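To keep things clear, I will list the structure first and then write my remarks on it.
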Ligand code: HEM
């Protein structure tokens, strides 16, 4: 055999071998990708006695594009129906395994199971120190301690009541601001006003500080830090789902997070230091109420419970962060509904007038006597839950069964609360805004009834729910007592949703607020 002939033979063998390897790889990848739920589920399929139905999604990417869109909760709800996977659906985003339930009973099983008491920590959350704060801390002693401390000192009924006067004061300031905007522009973009009020209220509870409605100073700086944090946590970060990309920081998320954390550390660190100095000089006075603020509580912890300064910063920063957005967004949706449904607005204003009167300012103690007002807030939470996918998901700590299905440790579990609250099998006329439904039946929204659980359920249920609701009820009542809410002259009002960290109105509400006196 000549050398040329030998080389040719080797080359043709090599090519056919190479072709063979490529075909095996291709078939393997397609087979993996085509397994229900996509590529991240492929190696667990043989273990699952009853495999979970789910879309295959795009090769390698899975349902990544769904989460890049503005309404993933709609797409996931539709997919679950189409694939007959309402109870439980599996899918992949890159190499991350997900399950999602759009059914109240399965949702209860997931949220109340201690196997799902962890949260997946995205890179941004980790970089922003949130793994040391309550919302992302792993299930365990540290997390339990934080929940206990905040339940006793931050979210207790006594504390919520102690801050009522200040919440009312902020409500009045918001009304002044609205009057000013109406005089200057003839219309109000309410989101900014609500966001300011909400941030101020949380600042008082957490830092014991009061701020004015001015676009400068500490409050303005904090608002900038909070919005940068929202943006970073809301970004879909490729590194979270493609481990190989981790070191590259392609979207610059890590860099921006580190930059933000150093600014937050300076800002919050300064407030902690001010508290320490006041204690030493004996000049401890509270800006906002008699019961002290959360910084004081953390500084007072006994030795074995004491937090390091960086943990304290993480805990305080998270409270500011979590408490601001949700309350402002819920109020914006509620007011938008009032503009759209003048007959409902007139009915609730009549309720306020008959219970409170027109001259006395509404207060927390009146809220119990305003069932229709509470029903409106519930109906808004049903149609526009601020966390349609319950904001921050859960993570399976160990292998577990959900119904007949095997779910491996490390799977991210979600509940599509939006799908449940829009399901005609669960709610009559689900698309209709009808607060009367809650006058006819008493539905608890605090986590025991999974048909409407906007604050989640189980061990990691929202600890700020009573405080959030007290704030929303009071401000909503004040804003209704003071103004009639009507559309702008062009009459345009869109209810399009945009899910960022919470579900916002895509086009912020702009309307007119006509004084009622
Ligand atoms: C309308 C207002 C609010 C809504 C709709 C809301 C919603 C939620 C939801 C859906 C969760 C996840 C629950 C779960 O996994 O089962 C959550 C967790 C949490 N919320 Fe809220 N929230 C609100 C107000 C607040 C306020 C005012 C604060 C504090 C100032 C707060 C602090 C937290 C924290 C720290 C967690 C994490 C708890 C943990 O993982 O242990 N929230 N919230």
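Numbering (full-length UniProt numbering), first residue to last: 1 to 517.
Just so you know, even glycine gets a beta-carbon here, dropped at the ideal spot from N, CA and C.
Please read all numbers here as calculations on a predicted model, not as lab measurements.
Determine the closest residue to residue i out of the options, with distance taken between C-alpha atoms.
{"i": "residue 508", "options": "167, 74, 188", "result": "188"}
{"i": "residue 277", "options": "296, 266, 121, 262", "result": "296"}
{"i": "residue 138", "options": "460, 489, 502", "result": "460"}
{"i": "residue 112", "options": "400, 259, 326, 304", "result": "400"}
{"i": "residue 157", "options": "218, 303, 471", "result": "471"}
{"i": "residue 51", "options": "91, 308, 211, 369", "result": "91"}
{"i": "residue 433", "options": "468, 342, 118, 282", "result": "342"}
{"i": "residue 205", "options": "319, 365, 442, 263", "result": "319"}
{"i": "residue 454", "options": "475, 136, 209, 108", "result": "108"}
{"i": "residue 256", "options": "239, 231, 246, 244", "result": "231"}
{"i": "residue 353", "options": "480, 311, 293, 123", "result": "480"}
{"i": "residue 367", "options": "435, 476, 267", "result": "476"}
{"i": "residue 143", "options": "311, 248, 223", "result": "311"}
{"i": "residue 321", "options": "42, 136, 370", "result": "136"}
{"i": "residue 467", "options": "72, 163, 184", "result": "163"}
{"i": "residue 489", "options": "172, 103, 186, 450", "result": "186"}
{"i": "residue 438", "options": "364, 303, 458, 371", "result": "371"}
Looking at the ligand HEM, does it come within less than 7 Å of residue i, judged from the CB to the closest heavy atom?
{"i": "residue 465", "result": "yes"}
{"i": "residue 157", "result": "no"}
{"i": "residue 174", "result": "no"}
{"i": "residue 238", "result": "no"}
{"i": "residue 454", "result": "yes"}
{"i": "residue 305", "result": "no"}
{"i": "residue 504", "result": "no"}
{"i": "residue 135", "result": "yes"}
{"i": "residue 319", "result": "yes"}
{"i": "residue 392", "result": "yes"}
{"i": "residue 443", "result": "no"}
{"i": "residue 387", "result": "yes"}
{"i": "residue 457", "result": "yes"}
{"i": "residue 202", "result": "yes"}
{"i": "residue 511", "result": "no"}
{"i": "residue 111", "result": "yes"}
{"i": "residue 526", "result": "Summary: the structure shown does not reach residue 526, with the chain confined to residues 1 through 517, and so no result is reported for it."}
{"i": "residue 472", "result": "yes"}
{"i": "residue 326", "result": "yes"}
{"i": "residue 298", "result": "no"}
{"i": "residue 519", "result": "Missing from the structure shown is residue 519; the chain here goes from 1 to 517 and no further."}
For a quick check, are the C-beta atoms of residue i and residue j less than 8 Å apart?
{"i": "residue 62", "j": "residue 500", "result": "no"}
{"i": "residue 80", "j": "residue 328", "result": "no"}
{"i": "residue 106", "j": "residue 195", "result": "no"}
{"i": "residue 120", "j": "residue 390", "result": "no"}
{"i": "residue 201", "j": "residue 463", "result": "no"}
{"i": "residue 168", "j": "residue 412", "result": "no"}
{"i": "residue 492", "j": "residue 77", "result": "no"}
{"i": "residue 373", "j": "residue 473", "result": "yes"}
{"i": "residue 497", "j": "residue 503", "result": "yes"}
{"i": "residue 70", "j": "residue 88", "result": "no"}
{"i": "residue 40", "j": "residue 116", "result": "no"}
{"i": "residue 124", "j": "residue 315", "result": "no"}
{"i": "residue 225", "j": "residue 191", "result": "no"}
{"i": "residue 268", "j": "residue 317", "result": "yes"}
{"i": "residue 86", "j": "residue 75", "result": "no"}
{"i": "residue 293", "j": "residue 208", "result": "yes"}
{"i": "residue 272", "j": "residue 309", "result": "yes"}
{"i": "residue 104", "j": "residue 450", "result": "yes"}
{"i": "residue 452", "j": "residue 382", "result": "yes"}
For residue i, which residues in the same chain have their Cβ closer than 6 Å to its Cβ, ignoring the five residues on either side in sequence?
{"i": "residue 430", "result": "422, 424"}
{"i": "residue 409", "result": "396, 398, 399"}
{"i": "residue 333", "result": "380, 384"}
{"i": "residue 3", "result": "For residue 3, the predicted model reports a pLDDT of 48, less than 50, meaning its position is unreliable; a value from the coordinates is still stated below. Cβ neighbours of residue 3 beyond the five flanking positions: none."}
{"i": "residue 427", "result": "none"}
{"i": "residue 44", "result": "408"}
{"i": "residue 198", "result": "324, 327, 328"}
Please work out which residues of its chain come closer than 7 Å, Cβ to Cβ, to residue i, disregarding the five sequence neighbours upstream and downstream, and give them in chain order.
{"i": "residue 485", "result": "335, 338, 339, 345, 511, 513"}
{"i": "residue 84", "result": "53"}
{"i": "residue 57", "result": "38, 63, 91, 92"}
Which partner residues of residue i appear in the DSSP bridge assignment?
{"i": "residue 92", "result": "97"}
{"i": "residue 483", "result": "515"}
{"i": "residue 62", "result": "58, 93"}
{"i": "residue 402", "result": "405"}
{"i": "residue 439", "result": "Note: residue 439 sits in no beta bridge, so no partner."}
{"i": "residue 413", "result": "99, 394"}
Could you check whether the Cβ of residue i sits closer than 8 Å to any Cβ belonging to chain D?
{"i": "residue 89", "result": "Judged by its chain identifiers, the structure shown contains no chain D, having just a single protein chain."}
Go through its chain and collect everything with a Cβ distance to residue i's Cβ below 8 Å, but skip five positions before and after it.
{"i": "residue 538", "result": "The shown model of the chain, from 1 to 517, leaves out residue 538, and the question about it has no answer."}
{"i": "residue 261", "result": "127, 128, 129"}
{"i": "residue 68", "result": "236"}
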